[in-house]
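> One structure follows; several queries about it will come next.
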Amino acid sequence: AQSVTQLGSHVSVSEGALVLLRCNYSSSVPPYLFWYVQYPNQGLQLLLKYTTGATLVKGINGFEAEFKKSETSFHLTKPSAHMSDAAEYFCAVSFTGGGNKLTFGTGTQLKVEL
Amino acid sequence: GAVVSQHPSWVICKSGTSVKIECRSLDFQATTMFWYRQFPKQSLMLMATSNEGSKATYEQGVEKDKFLINHASLTLSTLTVTSAHPEDSSFYICSARVPYGTVGYTFGSGTRLTVV
């Protein structure tokens, strides 16, 4: 079955530290992959996406993610966390043959501490 | 570009009444829109997919008679929660597939529904 998994519902980092949010998918065909950020009571903002081409994708606010087919992963990273990065992060996947629907991971709440 | 406007941002209604949520694509034509429901501190769950000019496709377990979806034009989709009950209180978000460029989706800002 096709699915997307985010490891760690809560991640806490110090300001200035590396941010690593994990996302794995299960599919025989590489899907389209997305990372979104959500602030309280707001919609979703696209951070970055992978569709085809270069596997290292750079997004907004200093975030980047690397698509690793062999590991079926699309982990999100940022070299140096900022207080404003505290939010909920969702990995989402559009599977081939899925009718253009997005399937969301369970989300990771990022906390940034001084 | 590719902006989706969702209204209202929040609404409080009494049990038994109906509430309509609108989602408009401002600068593109959205042939397909998606409606999600999000409970506090949880992920987004797809409720239904609406296609302009045809009936919406509901996900398993979603009551189509309770959550009426209409996609009458290429820029407007509406979700009506009928005979609302407190358990319908949730955050509802619409989304549309961006019809140009690489694959992408844009989201409305969400509607916080509270049924009292």
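Residue numbers (our numbering), protein chains in the order written: chain A, 4 to 117; chain B, 1080 to 1195. Note that CB positions come from ideal geometry on N, CA and C, so glycine has one too. All values derive from a computational prediction rather than experimental measurement.
Kindly indicate if chain A contains any beta-carbon less than 8 Å away from that of S1283(B).
Summary: the structure shown does not reach residue 1283(B), with chain B confined to residues 1080 through 1195, and so no result is reported for it.
> Kindly list, in the order they appear in chain B, the residues whose Cβ is closer than 8 Å to that of T109(A).
Mapped onto the first sequence, residue 109(A) falls at position 106. Those within 8 Å of T109(A) in chain B are Q1121, S1122.
> Determine the chain A residues that contact R1191(B) at a beta-carbon separation under 7 Å, and present them in chain order.
Translated into the one-based positions of the second sequence, residue 1191(B) becomes position 112. Here the neighbours are N44.
> I want to verify the contact list: residues of chain B whose CB lies under 8 Å from the CB of K104(A), in sequence order.
In the first sequence, the residue the question calls residue 104(A) occupies position 101. Within 8 Å Cβ-Cβ: F1113, L1125, T1128.
> Leaving aside the five residues before and after I1172(B) along the sequence, list all residues of the same chain whose C-beta is less than 7 Å from its C-beta, in chain order.
As a first step, residue 1172(B) is located in the second sequence; it is residue number 93 there, counting from the start. So the qualifying residues of the chain are Y1115, Q1117, L1123, F1186, G1187, G1189.
> Does the Cβ-Cβ distance between M1126(B) and S1174(B) come in under 8 Å?
Residue numbering aside, residue 1126(B) sits at position 47 when the second sequence is read from its first letter. Residue numbering aside, residue 1174(B) sits at position 95 when the second sequence is read from its first letter. Cβ atoms of M1126(B) and S1174(B): not closer than 8 Å.
> Assuming L1155(B) and Q1108(B) are in contact, meaning their beta carbons sit under 8 Å apart, how far apart are those beta carbons, in whole angstroms?
Within the second sequence, residue 1155(B) is the residue found at index 76, counting from 1. Within the second sequence, residue 1108(B) is the residue found at index 29, counting from 1. At roughly 11 Å, the Cβ-Cβ gap does not stay under 8 Å, so L1155(B) and Q1108(B) are not in contact.
> Beta-carbon within less than 6 Å of V40(A)'s beta-carbon, same chain only, minus the 5 sequence neighbours each way: which residues are those?
On the first sequence, residue 40(A) is found 37 positions in, with the first residue counted as 1. For V40(A), where only same-chain residues beyond five positions count, the Cβ hits under 6 Å are Q48, L50, A90, Y92.
> Have a look at C1102(B) and F37(A) and give me their C-alpha separation to the nearest angstrom.
Walking along the second sequence from the start, residue 1102(B) turns up at place 23. Walking along the first sequence from the start, residue 37(A) turns up at place 34. Cα-Cα distance, rounded: 22 Å.
> Can you tell me which of the three DSSP states S87(A) falls into?
Residue numbering aside, residue 87(A) sits at position 84 when the first sequence is read from its first letter. Here S87(A) sits in helix by DSSP.
> Is N1130(B) helix, strand or coil when you go by DSSP?
The residue you call residue 1130(B) lines up with position 51 of the second sequence. Of the three classes helix, strand and coil, the one that applies to N1130(B) here is strand, per DSSP.
> What would DSSP say about E1166(B), mapped onto helix, strand or coil?
By 1-based counting over the second sequence, the position of residue 1166(B) is 87. In this structure, E1166(B) counts as helix in the three-state DSSP scheme.
> Any idea what DSSP makes of N27(A), helix, strand or coil?
Position 24 of the first sequence, counted from the first residue, corresponds to residue 27(A). In this structure, N27(A) counts as strand in the three-state DSSP scheme.
> So, is T111(A) buried or exposed, given that buried needs 16 or more other C-beta atoms within 10 angstroms?
For the purposes of this step, residue 111(A) is taken as residue 108 along the first sequence, with counting starting at 1. The residue in question, T111(A), is buried, as its Cβ has 16 or more Cβ neighbours within 10 Å.
> Residues of chain A with CB closer than 7 Å to the CB of R1176(B), please, in chain order.
Taking the second sequence and counting its residues from 1, one reaches residue 1176(B) at position 97. N103, listed in chain order.
> Under 7 Å Cβ-Cβ, which residues of chain B neighbour S97(A)?
On the first sequence, residue 97(A) is found 94 positions in, with the first residue counted as 1. Per Cβ cutoff of 7 Å: V1182.
> Since V1182(B) and Y35(A) should fall inside the 8 Å C-beta cutoff, what is the C-beta to C-beta distance between them, to a whole number of angstroms?
In the second sequence, counting from the first residue as 1, residue 1182(B) sits at position 103. In the first sequence, counting from the first residue as 1, residue 35(A) sits at position 32. Indeed, because the Cβ distance is near 5 Å, the residues count as touching under 8 Å.
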